[in-house]
Each structure stands twice: as structure tokens, then as C-alpha cells.
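**Q**
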Amino acid sequence: MKRALATWMWILVSALALGLCLAVSCGEDGTVGGTGEDPDLGDDDLGTGGLRGGPPGSGDDDDEPIEPDPGFFVGFSQGDGGADRVPQVAEIGANWFRAWIQWRQVEPEIARPELTVEQVRADPGMVGDYIRTHDWSAPDALLTACREHGIANVILVVGIGFDWVLPKWEGEAANPDRLGRQNYLGHLYLHVRAAVERYDGDGTDDAPGGLVVRFWEPEAELNEAFLTAVLGWRGPAYEQALGSAWHDFEFLTDVIRLGNEAVREEDPGAITVMPFHTDIHENFGRFFGYPPWTEAVSRWAEYVDVIGIDAYPNYYRPLPIKGGLLYDRVLQAREISGDLPVMVIETGYPSGPTEVGFDEILQAEYLDRAVESARAAGAAGYLHFTLCTGEQSMAVIAQEDIENLYRLGEFFEQGRVLELLLFALGNLDYVRGHFSRVLQSVETHWGQFRADGTKKPSYDVLRQKVEAYPGEEGIERLRRPSRSVSESP
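When the letters of the sequence shown are read in order and numbered with this note's numbering, they come out as residues 1 to 489.
Okay, here's the thing in C-alpha cells:
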């Protein structure tokens, strides 16, 4: 009986992983709600989706047009790489750059698994000890390169719980189910406090050379942490994600709350953001007992200064170009979060594989539409993913694969869990093998630079957008209105 139950559970999880593959790029893609299709918008493709206001030229005269944010900016979001990517950011002219602190680079192995938040709070000296005994060379080099190239507005991601980013304990990733949830929170809290203290410029345990960061992202896409565990990015993974810490919304709330508390404990004037994965249909959440992204924004907005949007609406299908859906996502987040700024943290369009119909011209067109859609909805800023990817092929894609990609993508967009489940049940080896590689074949085609360093057409579009929207006012304008500027040291 247990074996049969486990088999059926794995089949269901395989279906969910199939759906997630249709929607995840470094954590995000797809569409949410309805059919996933853009409304019939003609050439502009700035979908209103029935929401108030509408973008310029939408023909909606009943509602007052939304005023674009005068400080709107365009920059880059980079999932991998460090200081070596900075010259490319500077070449495009961007003054906004999001990058990661790789937790495992700083702390390869956890020495003492038992550590609670209360213990760290009771012994503030732990923060300085952590700074002095761990390796900060990679983030130091990144921030030094940003300063040398004149990139003033840096967002650092810290404390992310992907298994390949976490420190190890006894040879494996120190995820919350291995350490224990309270111990994991203690280590997260200490790591984030130490990172912020090193780069707060207050004269205590500072990085050499006066390196300062005032904009932090503790964790990322926590609202879909469970499904990224199903995909295998967080542990325990696959079917073991069911019932894990990543499946517990209250635990995830503790993660975002304590991560942001850690930032402000060391730097009360720092600004924080949480990017929300917005591409998963709410039916998946209902089935597994966690809220849709809109409800997650509502419940977690109190902890951050800025709401982030992550969206990859053309992940599996090149047409129609869905850059206009960013208008809907930004507007929804603004309406839900009240007076908080909303910015696009990650979005993109692949230039391949060409067998599926993607190409460099469509990539450039998406970028143009996505930027203008976000701006029209009143976003504070837009970060595009990413700079350079490998361009290599991940799979030999046949016509049957393309047909499956389109058909299953429609099931995913419409939240048709049963159809995905039945397909996975009848094609387990295909789904877990070849088709998984087909689904993720876009992953090597996000960049604006080709693998040989030459530039794609989207490079010129992005450079024009960066020049048009530099965001010269800097990060201070993104502070939560209820938090006084006087809190900043």
C-alpha cells in the first residue's frame, strides 16, 4: 500500500514538475490566470487584462490614465557570474545591477548546526566573528568592479535557499529539513546580518575600500519555494518536497520576516525587496494548499520596501509576444500592496532554440514591449535577465516535442492539473528524460551577448532603454513611504 501510494505521489509530482518546467527560468516564467493569451491589442501588445487605467493608446476613456514613474529606470539582473560580468553591464550603460552573494562561497561548510535566532540576538558578537572568519572575496570583487565602472545602484541577493547555493553540512546542502527549521532560520539570520554589516559603511567590520550596499534582497521567489523544490532546486526535492519546510507557508513567512529584520538590525536605512514568482496558475497552489502570488504579496508586503515581479511569459512558446502581460502583473501588485513601489526584478525572452520558433529579432521586440509595458503600469524600474548565456543546444528537438510543448503549455496556463497529471502518467520516461531537456532548452539563450561576445539585436534595444530611463534619482526614492529617511545613517 505504501509503495503504491509513493508511486502515485511521484506521478503527481512529475506532473507538477512538468508544469513548473513550462514556467521556470532560474525560478520564473509562463503566465497566470485565464488562457494566458494576450488580449487582442494590435501592434502595441500592452495588455490591460481588464484592469483599470489601461496603457496609453488602449482606448479606455473611463479610467484616468496611469502616470509613469518619473524616476523609472532600466538595468540588469544577473543570475550567475560575478565581477567578470560588470564590464558588460557598464558597456550597455546601466547604472542598476542585481547580483547574488553565493552563500556557499562565503561559508562553504556549517561548523555548528545548532543555532537559533535567539542565540544570535543574545550574542551580537557573533556577527563580527562571522565576518572575520569567512571568505568575502567574491562579493568584495563584485562590488569593487561595480565601483570602478561607475555602477552606483547595486541590489544584492543574500541568503537564497537553493541547494547549490547553501553551505554544506556533513557533505550535503544545509537545507531547513536537514538542519531543523529553527536552526536554519538562525543560520540565515546570522549570514544576512553579517553581509549587511560588512557593506553598511558604518565603520565597524566594514569591507576594505569603503564598499557600501543599501539595497538588499533576502531570499527570492519564496511564494513558489515548494514548486522549485519539486523541480529539484531546493531540498528535499521532487516528491520529498511534499510536507517539507518549503511547503509550509508559515515557515516561508518566518524566512521573509527574519531576513528583512536581519537587514534592518544592521542597517536601519537599507531598502529591501522580495521578487514574487508570478507565472504559476493559482490552481496549483489550491491543490497543494498554498496561496497564489497575489495573496502572497498581500500577506508579505508589510516586511519589505519594494515589491518585485518575476515573469517569463514566453518561456515555452515564441508567439504571441507577451511583453504586455507585465502591465497586468505590475498593476496587480501595485493595487494589492498599496503605497509600495513595484519593480520588475526578472524577465526575459530567449533567442533560441530556433527549432521552436524563437529568434533574436523576437527577443529584441519582447524587450521593447516589456519595458514600455512595465513603465506604462507605473513600475518604479525594470531589470532584464540576463547578460550572456552559452547558446549551446540542450536537446535534439523533433516536431512531436514542439507539439507537446504547445499543448502542455496551454494546460499549464489554464491550470489544468488533471491533464498534466494524465500526460505524465502515460509518458513518465519521456517527461523525466528527453522532454525535460526540451522544456529547459531556452535556458542557454537569454543573453544580450552571444557566447562569443558579439551582440544580439536586443543589445541595441536595451542600450536605448537604459539611456532613456537611467534612474538618476537612485535607490532612496524606493524607500517605503512609512519609513522615515532619517532612519538612514
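Every residue gets a Cβ at the ideal spot worked out from N, C-alpha and C, and that includes glycine. Quick caveat: nothing in here was measured; it's all calculated off a predicted structure.
1. Ignoring anything shorter than 3 residues or poking outside the stretch 82 to 123, list the beta strand (DSSP E) runs there in chain order.
2. Just checking my contact of Ser458 with Glu360 at CB under 8 Å: how many whole Å lie between their CB atoms?
3. What first and last residue would you give for the alpha helix (DSSP H) that runs through Gly461?
4. Given a cut-off of 9 Å, decide if Gly381 and Ala152 are closer than it, judged by their beta-carbon atoms.
5. Could you give the residue range of the alpha helix (DSSP H) that holds Thr253?
6. According to DSSP, is Met274 helix, strand or coil?
7. If distances are taken between C-alpha atoms only, which option among Arg104, His281 and Ala376 comes closest to Ala138?
8. In three-state DSSP terms, what is Met394?
9. Between Gly291 and Phe284, what straight-line distance do the alpha-carbon atoms span, to the nearest angstrom?
10. At which residue ranges does the stretch 322 to 365 contain complete alpha helix (DSSP H) runs of 4 or more residues, listed in the order of the chain?
11. I'd like the span of the alpha helix (DSSP H) that includes Tyr406, first residue to last.
12. Can you tell which of Ala174, Leu143 and Asn427 has the C-alpha that lies nearest to the C-alpha of Phe162?
13. State the Cα-Cα distance for the pair Asp305 and Val255, rounded to the nearest angstrom.
14. What residue does the alpha helix (DSSP H) around Asn223 start on, and which one ends it?
15. At a cut-off of 8 Å, is Gly171 close to the ligand ADP when judged by its beta-carbon and the heavy atoms of the ligand?
16. Give the straight-line distance between the Cα atoms of Phe287 and Ala333, rounded to the nearest whole angstrom.
17. So does the stretch 176 to 193 actually touch the stretch 122 to 130, counting three or more Cβ pairs closer than 8 Å?
18. Relative to the C-alpha of Pro320, which candidate in Glu419, Phe358 and Arg147 has its C-alpha closest?
19. Taking the alpha carbon of Arg214 as the reference point, which residue from Pro208, Gly259, Leu156 and Trp169 has its own alpha carbon closest?
20. What separation, rounded to the nearest whole angstrom, lies between the Cα atoms of Gly259 and Met274?
21. I'd like the ranges of any alpha helix (DSSP H) spanning at least 4 consecutive residues and lying wholly in the stretch 157 to 215.
22. Please report the Cβ distance between Trp246 and Ala220, rounded to the nearest whole angstrom; I am assuming they are in contact, meaning their Cβ atoms lie under 8 Å.
23. For Asp328, tell me which candidate among Pro318, Val344, Tyr316 and Arg121 has the shortest Cα-Cα distance.
24. Assuming Ser77 is part of the beta strand (DSSP E), what are its boundary residues?
25. Over what stretch of residues does the alpha helix (DSSP H) that includes Asp310 continue unbroken?
26. Where does the unbroken alpha helix (DSSP H) through Tyr496 begin, and where does it stop?
27. Going by DSSP in three states, Tyr316 sits in which element: helix, strand or coil?
28. Tell me the rounded alpha-carbon separation between Ile280 and Gly453.
29. Quick one: what does DSSP say Tyr290 is sitting in, helix, strand or coil?
**A** Reading off the structure:
1. As far as the stretch 82 to 123 is concerned, its whole beta strand (DSSP E) runs of at least 3 residues are 96 to 100.
2. In this structure Ser458 touches Glu360 by the C-beta definition: roughly 7 Å separates them, less than 8 Å.
3. In the sequence as displayed, the identity of residue 461 is Val instead of Gly. According to the DSSP assignment, Val461 belongs to the alpha helix (DSSP H) that extends over Pro457 to Ala468.
4. Note that the C-beta distance between Ala152 and Gly381 is not below 9 Å.
5. Thr253 -> alpha helix (DSSP H) spans Phe249 to Glu266.
6. DSSP places Met274 in the strand class (E or B) of the three-state scheme.
7. Ranking Arg104, His281 and Ala376 by Cα distance to Ala138 puts Arg104 first.
8. It is coil, neither helix nor strand.
9. In the sequence under discussion, the amino acid at residue 291 is Pro, which differs from the Gly named in the question. When the Cα atoms are used, Pro291 and Phe284 turn out to be separated by approximately 9 Å.
10. Correct list: 325 to 337.
11. Counting along the chain, the alpha helix (DSSP H) containing Tyr406 begins and ends at Gln399 to Glu413.
12. Minimum Cα distance to Phe162 is reached at Ala174.
13. Taking the straight line from one Cα to the other gives about 16 Å.
14. No alpha helix (DSSP H) contains Asn223, which DSSP labels as neither H nor E.
15. In the structure shown, the ligand ADP is absent, as is every other ligand, since no ligand is present at all.
16. Looking at the two C-alpha atoms, the distance is approximately 23 Å.
17. Judged by Cβ distances under 8 Å, the stretch 176 to 193 makes contact with the stretch 122 to 130, as three or more pairs qualify.
18. Closest option to Pro320, Cα to Cα, is Phe358.
19. Of the residues Pro208, Gly259, Leu156 and Trp169, the one whose Cα lies closest to the Cα of Arg214 is Leu156.
20. Those two C-alpha atoms are separated by around 10 Å.
21. Counting only runs of 4 or more, we get 176 to 179 and 181 to 198.
22. Contact flag wrong, Cβ pair sits at about 13 Å.
23. When each option's Cα is compared against that of Asp328, the closest is Val344.
24. Looking at the DSSP string, the run of the beta strand (DSSP E) that includes Ser77 is Phe73 to Ser77.
25. It is not in any alpha helix (DSSP H) - Asp310 instead sits in the beta strand (DSSP E) that spans Val306 to Ala311.
26. As displayed, the chain neither begins before 1 nor continues past 489, which places residue 496 out of reach and without an answer.
27. Looking at Tyr316 - three-state DSSP - the assignment turns out to be coil, as it is neither helix nor strand.
28. Distance between the alpha carbons of Ile280 and Gly453 is about 34 Å.
29. The three-state secondary structure of Tyr290, taken from DSSP, is coil.
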